[in-house]
Amino acid sequence: MLRIINFLLVIAVLINAFYLINQRYTARQYYMQLADLQNKAISLNKEYTRLQIEEGTYSSGLAVQDYASKGLGLIQPDKQHVVDIP
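For the sequence shown, the numbering used here assigns the number 6 to the initial residue and increments by one for each residue that follows.
Okay, here's the thing in structure tokens:
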């Protein structure tokens with residue numbers, strides 16, 4: 006009877022040991038996945054900030070005016086060339 010109880014206890018300990026090993030392995034896998042996702046989030050946040058700055062640059066009138074004068078050869082009209090329409 007004592008041998009059967011000892012055998013069952015050894016089996017229970019082995020099952021718990023394998024379960025614990027599996028849980029630790031799974032936790033490490035999830036931690037590595039979390040670290041990768043955090044790195045991606047940081048990268049996307051940097052890119053979003055860069056795009057916001059770029060949008061602010063192009064949404065100002067200076068970028069359009071610079072492109073019009075240098076790229077298209079347009080000039081700012083004088084007061085004598087401006088006609089007010091009533």
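Where a beta carbon is used, it is the ideal one built from N, C-alpha and C, also for glycine.
Point to revise | Three-state secondary structure assigned by DSSP to Met6 | key: In the sequence shown, counting from the first residue as 1, residue 6 sits at position 1. In this structure, Met6 counts as coil in the three-state DSSP scheme.
Check your understanding: Taking DSSP as the reference, what is the three-state secondary structure of Leu19?
Key -> If you number the sequence shown from 1, residue 19 lands on position 14. In the three-state DSSP reduction, Leu19 falls in the helix class (H, G or I).
Point to revise | Alpha-carbon to alpha-carbon, Ala68 and Gly61 | key: Residue numbering aside, residue 61 sits at position 56 when the sequence shown is read from its first letter. Residue numbering aside, residue 68 sits at position 63 when the sequence shown is read from its first letter. Their backbone Cα atoms lie some 10 Å apart in a straight line.
Review point. What is the DSSP secondary structure of Gln81, counted as helix, strand or coil?
Key: Sequence index remark: in the sequence shown, residue 81 carries index 76 (1-based). Of the three classes helix, strand and coil, the one that applies to Gln81 here is coil, per DSSP.
Practice item. Helix, strand or coil for Ile90, going by three-state DSSP, please let me know. Key: Along the sequence shown, one-based indexing puts residue 90 at 85. When secondary structure is reduced to three states using DSSP, Ile90 falls in the coil class, being assigned neither helix nor strand.
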